[in-house]
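Reviewing the structure listed below.
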DNA sequence: ATGTCACTTTACAAGTGA
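In our numbering, the protein residues as written are 1 to 258.
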């Protein structure tokens, strides 16, 4: 089984790349974040023509998440109980086969001195409270806007204490792990830095290797036991002829034994 | 730190969010 998570930074701008990704990797499940469209504006025809069903939790201009799958999506849920900012479309979940899939776009936080940072911490607290109530095979993935450890930032000294790498945020990720969820990319990579999933558009960050690992896949133990690999499709972060500009995030690809 | 991008608006440039 193959599962992909990708922050597309506008599904309308990235549609050709999304369809190409589906054709190239043929994932069973694709979770998208920052689709930046309302549900009625989601490119349903194109996704359907590619052979995928989908559920969307969209929003105008900002945020918005979607799950695409080849098999039917059951028990769809939009948002989550206890969300401090329920007006923002950041979570969608559904069951595929016997796997519960949670797709999340975590509050960015802007900077540790911004009020949005405190909302981010409360949001992650509420997400953990909600996930703690779940049972059975579980895969929580998406743009967490947190680099869990210093292995996950290109320059730990520069990023020390900053938004995306600060200790309170990292504590929230450890709380998710304390629920029994396993950081699958880290489990696969061991002590090797990265794999990075995000590079700022500015300053030629991708070319310079200034990456962060802020897109995560967290699996329950029964899911982690099936882990084959977790890879980043770095080609998607490069300009591609005919498919438009890249997102600032690259897709994270999980393969599980069936 | 900053070689950017995508969104919106009683739009045609500027502010916002990332």
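For every residue, glycine included, the Cβ atom is placed at its ideal position computed from N, Cα and C.
- Runs of the alpha helix (DSSP H) lying entirely within the region 160-230, each at least 4 residues long, are 167-178, 184-189, 205-208, 221-224 in chain order.
- When C-alpha distances from residue 103 are compared across 18, 122, 219, the shortest belongs to 219.
- Taking a contact as a CB-CB distance under 8 Å, the pair residue 144 and residue 215 counts as one, their CB atoms being some 7 Å apart.
- Within its own chain, the residues whose Cβ lies closer than 7 Å to the Cβ of residue 20, once the five positions on either side in sequence are excluded, are 243, listed in chain order.
- For residue 35, there is no enclosing beta strand (DSSP E), since its DSSP letter is neither H nor E.
- With fewer than 16 other Cβ atoms inside 10 Å of its own Cβ, residue 75 counts as exposed.
- DSSP, read as helix, strand or coil, puts residue 143 in strand.
- Here DSSP, grouped into helix, strand and coil, assigns residue 118 to helix.
- A direct Cα-to-Cα measurement between residue 63 and residue 10 gives close to 9 Å.
- With respect to residue 148, residue 175 sits apart: the two C-beta atoms are not nearer than 7 Å.
- Residue burial annotation: residue 73 is buried, with at least 16 other C-beta atoms found within 10 angstroms of its C-beta.
- Of the other Cβ atoms in all chains shown, fewer than 16 fall within 10 Å of the Cβ of residue 162; this residue is therefore exposed.
- Scanning the region 64-138 for uninterrupted alpha helix (DSSP H) segments of 4 residues or longer gives 115-131, listed from N- to C-terminal end.
- For residue 197 and residue 237, the gap between their C-alpha atoms comes out near 9 Å.
- In the DSSP assignment, residue 23 falls within the alpha helix (DSSP H) that extends over 11-25.
- In the DSSP assignment, residue 48 falls within the alpha helix (DSSP H) that extends over 44-49.
- Boundaries of the beta strand (DSSP E) around residue 53: 53-57.
- Between the region 223-233 and the region 110-119 there are fewer than three C-beta pairs closer than 8 Å, too few to call the two in contact.
- About 16 Å separates the beta carbons of residue 105 and residue 13, which is beyond the 8 Å limit, so they are not a contact pair.
- Non-local C-beta neighbours of residue 66 in its own chain, meaning closer than 6 Å and more than five positions away in sequence, comprise 32, 35, 54, 56, ordered along the chain.
- By the criterion of a C-beta distance shorter than 6 Å, residue 95 is surrounded in its chain by 74, 75, once the five residues flanking it on both sides are discounted.
- Put simply, the backbone Cα of residue 28 is about 22 Å away from that of residue 90.
- Residue burial annotation: residue 257 is exposed, with fewer than 16 other C-beta atoms found within 10 angstroms of its C-beta.
- Going by C-alpha positions, residue 241 is about 27 Å away from residue 69.
- For residue 2, the enclosing beta strand (DSSP E) begins and ends at 2-7.
- Under the DSSP assignment, residue 252 falls in the beta strand (DSSP E) whose first and last residues are 252-256.
- Between residue 248 and residue 142, the alpha-carbon positions lie close to 14 Å from each other.
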